[in-house]
Amino acid sequence: MPNEQAWTRVQEELAKRTESGTVMWSTNQFLPSIRKNVVGDVIYSAAVNGRMVVVYEYSYTAYDVDGPTEENDVAIEFVDNMGNLQWQWPKLPYRWQLLDAIRYTLCGANDFLKTFLPQGLPSPQSVQGA
Amino acid sequence: MDVFNFIAGLSSVVGLVITVRVWWSVRTIAEGYSRQALLPQFQRRLRGFTKNLKIHEQGKNAAEIRKALVLCRGTLQDLVPHLGRHGKNRALHVMGAIEQVLSLEDNSALWGQSGVIIAEMEGLNNTLVVLTNEMKWRVPNA
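See the structure below:
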C-alpha cells in the first residue's frame, strides 16, 4: 500500500539529489510515443537505485462547473526497459519541484550563472543587504 | 331562494376546483420544462466530474480526487430536488458513498482503497446514467 509520507520524502529527496547532481537525468526520445499528451514531447529518465524512473509533464482535460479546461500535471513512473509503465507514483506536491530541478540541471542553468556572473554568485547576505 | 343559494354555492366550489386544477396543471408543466432545461446541464457536469475522478484516481492524486468528489456531491445536492422518490433515493445513496470516501482523513488510505474507489465510481457512473434516463422519462410525463 502506498504511504503518502514515505513517497513525499522520496520525491523531495529525489529533487535534492537532482539539484546536487547525484541523480543524472536524460531526455528520452522514443518514450513520448507511448504516452498521451506529453508537453513538449520530452520525457526525462534516470536510473535510481537500479530502477528506471521517468518524469514528464502532460496535459489533460479537466471539468469544472463552467465546463472543460486544459490542465497540466506531472507524472512520475517506474518503467521497464521498454518504457512500459510498471507503477505510477502518487501525485504529491514535490513532483513539480522535481520536474523543475530536472529542467534546471539539464538546461545547464547553473553553468550559465557561473559564466554570466564570473565573479561568482552573490551570497544570500549580500543580496539581503542590497 | 334556497335553490339560488345552492346554485351560487355550487358555482363557487366548481370555480375553485377549476382554478386549483388549472394552477396545478400550469405548475406541473412549468416544472417539466424546468427539468428539461436543467437536465443537459446536470448531465454535462456529472459526466465531467466523473471523468475527473477517473483521471485522478488513475493518477493517484488524492487532493484532486477529493475536489472532484466535492463537485459531484454538490451537483447531486442540486439535482435531488428535481428527482422523483426513486431517483432521489439513489442520488442520496451515491451522496452517502461519496461522504464515506471523503471521510477518509489519510490520503494513503484513499490510495490504498483505490479498488474500492474505482468500484464506487463505476457504480456512481451507472447510477448517474440511470438517474439522467429517469429524468428524461419523467419530463414528458410530468
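Line by line, the protein sequences are chains A and B.
Position 118 of the first sequence, counting from 1, maps to 118 under our numbering, and the rest follow consecutively.
Take any residue in the second sequence, note its place counting from 1, add 1000, and you have its number in our numbering.
Just so you know, even glycine gets a beta-carbon here, dropped at the ideal spot from N, CA and C.
Beta-carbon proximity check, residue i vs residue j, cutoff 8 angstroms
i, j, result
"B:L1079", "B:F1042", "yes"
"A:A62", "B:N1052", "yes"
"A:T18", "A:L98", "yes"
"A:M89", "A:E77", "Looking at the sequence itself, residue 89 of chain A is Trp, so the reference to Met does not match. A contact, by the Cβ cut-off of 8 angstroms."
"B:L1038", "B:H1086", "no"
"B:L1076", "B:M1095", "yes"
"B:R1047", "A:V65", "no"
"A:Y60", "A:I102", "no"
"A:Y104", "A:Q11", "no"
"A:L106", "A:W25", "yes"
CB contact check: residue i to chain B, cutoff 8 angstroms
i, result
"A:V54", "no"
"A:L14", "no"
"A:E70", "no"
"A:Q97", "no"
"A:V65", "yes"
"A:A130", "Since pLDDT at A:A130 reaches only 44, below the 50 mark, its modelled position is unreliable, and the value read off the structure follows with that caveat. No, A:A130 lies away from the interface with chain B (no Cβ there is under 8 angstroms from its Cβ)."
"A:E4", "yes"
"A:Q154", "Absent from the model: residue 154 of chain A. The displayed extent of chain A is 1 to 130, so no value can be given."
"A:Y94", "no"
"A:K91", "yes"
"A:Y44", "no"
"A:A62", "yes"
"A:D73", "yes"
"A:E57", "no"
8 angstroms Cβ cutoff, residue i in contact with chain A
i, result
"B:I1055", "yes"
"B:R1066", "no"
"B:R1021", "no"
"B:K1088", "no"
"B:R1073", "no"
"B:F1049", "yes"
"B:N1141", "Residue placement at B:N1141 is flagged as unreliable, the pLDDT there being 45, under the threshold of 50; the coordinate-derived value follows with that caveat. No, its Cβ sits nowhere closer than 8 angstroms to a Cβ of chain A."
"B:R1045", "yes"
"B:G1059", "yes"
"B:N1126", "no"
Anticipated Cβ contact below 8 angstroms, residue i with residue j, distance rounded
i, j, result
"B:R1066", "B:L1092", "About 20 angstroms; that fails the 8 angstroms criterion."
"B:K1060", "A:K91", "6 angstroms"
"A:V23", "A:A46", "5 angstroms"
"A:N72", "A:V39", "6 angstroms"
"B:N1107", "A:E4", "5 angstroms"
"B:A1030", "B:F1049", "Contact flag wrong, Cβ pair sits at about 28 angstroms."
Residues sharing a beta bridge with residue i, DSSP
i, result
"A:G67", "A:D64"
"A:L85", "A:V79"
"A:S45", "A:S26 and A:V54"
"A:N72", "A:S59"
"A:V38", "A:Y58"
Three or more beta-carbon pairs under 8 angstroms between the region 1067–1074 of chain B and the region 72–92 of chain A, yes or no?
no
| query | Between the region 1018–1032 of chain B and the region 54–69 of chain A, do three or more beta carbon pairs fall short of 8 angstroms? | reply | Contact check between the region 1018–1032 of chain B and the region 54–69 of chain A: fewer than three CB pairs, one atom from each, fall below 8 angstroms, which does not count as touching.
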